[in-house]
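J.: Sharing a structure with you now.
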Amino acid sequence: MSLRALLFTGVAAATITSLGAATIDNDKVQPLPQPAPVTISEKSAVKFKPSLIIDGRCHPYPAVNAAGETSGGLKGVGQNDGDCKGSGLGSQVYGRAVWHKDRWVNMYAWYFPKDFYDGFFGKVCYRHSWVNAVVWLDNPALENPTVLAVSAVKGDGEYDITSMAASSRKFARLLRGRR
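Okay, so the sequence shown: first residue is 1 according to this note's numbering, each after it adds one.
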C-alpha cells in the first residue's frame, strides 16, 4: 500500500466514522486509552512514537471519542495558542503501520482544534488541523530495529524525509513549523 493510499484510508475512515456522530466541544473529547502493546506492530508503534515540540502554538487534542463524537474544533481567532493549551483530559496520537517497499512504516497523526500560518496577506486562521510524521524502520521484528529515516509534512503538504544521518534539529523544526 502506498503512503498516499494509507493516508487517504485514514482520513476517509475518520470522515465516514464521523458522519453519524455528534460534534462536541474540543475540550470535552475523552481520549481513547492506549492499549498495552501486544503485537510486533503495536510494540514498534509505541517504542518509536515521536514527541512534539509545542512552540507557542495550539496543543494537540483528541479528535474522536469512544462513542464516535468528534471535536468541533475552535475558530481561528485570537492568539495562536489561545483556548487550546492542552486538554485536561489528555491528548491522543493516531497511528497506522505497514510494509512499504521493504521498509516498515509507522505513521503518527496529531489533531489540533485550530491553526494559524503566515500567508501572503497576513495571518491565515482556520478550524481543524492535522500534523503527521512517519518513522521508517528496517524491520520491527528485530530485537533492535534501526530507524532509517523520519518524515514530516511541510507547510506545502509535501513530505520532508530526513535520514538518521541528518540533524535531529531539522526534524524538530519540521514538526513545529506548520502548527
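Backbone N, C-alpha and C fix where the C-beta goes; we use that ideal spot for every residue, glycine too.
Per DSSP, what kind of secondary structure is K43 in: helix, strand or coil?
T.: Position 43 of the sequence shown, counted from the first residue, corresponds to residue 43. DSSP places K43 in helix when its eight states are reduced to three.
J.: Is T162 buried or exposed, if buried means 16 or more other CB atoms sit within 10 Å of its CB?
T.: Residue 162 sits at position 162 when you count from the first residue of the sequence shown. Buried: at least 16 other Cβ atoms inside 10 Å.
J.: Which residues does DSSP pair with L137 in a beta bridge?
T.: Taking the first residue of the sequence shown as 1, we reach residue 137 at position 137. Its beta-bridge partners are W104 and V147.
J.: Where W99 and F121 are concerned, what is the direct C-alpha to C-alpha distance, given to the nearest angstrom?
T.: Looking up residue 99 in the sequence shown gives position 99. Looking up residue 121 in the sequence shown gives position 121. In a straight line, the C-alpha of W99 is about 42 Å away from that of F121.
J.: Expressed to the nearest angstrom, what Euclidean distance is found between the alpha-carbon atoms of V29 and I40?
T.: Walking along the sequence shown from the start, residue 29 turns up at place 29. Walking along the sequence shown from the start, residue 40 turns up at place 40. Between V29 and I40, the C-alpha separation is close to 29 Å.
J.: I want to see whether chain C comes within less than 9 Å of T39, judged by CB atoms only; does it?
T.: Judged by its chain identifiers, the structure shown contains no chain C, having just a single protein chain.
J.: Please name the residue or residues paired with A109 in a DSSP beta bridge.
T.: Here residue 109 corresponds to residue number 109 of the sequence shown, with the count starting at 1. Answer is Y94 and N132.
J.: Would you report the Cα separation of Y111 and S129, rounded to the nearest angstrom?
T.: In the sequence shown, the residue the question calls residue 111 occupies position 111. In the sequence shown, the residue the question calls residue 129 occupies position 129. Between Y111 and S129, the C-alpha separation is close to 6 Å.
J.: Kindly confirm or deny that the segment 80–89 and the segment 49–59 touch, where touching means at least three C-beta pairs closer than 8 Å.
T.: Contact between the segment 80–89 and the segment 49–59 is present, because at least three Cβ pairs lie under 8 Å.
J.: Would DSSP call K123 helix, strand or coil?
T.: Within the sequence shown, the letter at position 123 stands for residue 123. If DSSP states are grouped into helix, strand and coil, K123 belongs with the strands.
J.: In chain order, what residues of the same chain have a beta carbon less than 6 Å from the beta carbon of C125, not counting five sequence neighbours either side?
T.: Residue numbering aside, residue 125 sits at position 125 when the sequence shown is read from its first letter. Contacts found: G76 and F116.
J.: Rounding to the nearest angstrom, what Cα-Cα distance links K114 and P33 in this structure?
T.: As a working mapping, residue 114 is identified with position 114 in the sequence shown. As a working mapping, residue 33 is identified with position 33 in the sequence shown. Each residue's alpha carbon lies about 23 Å from the other.
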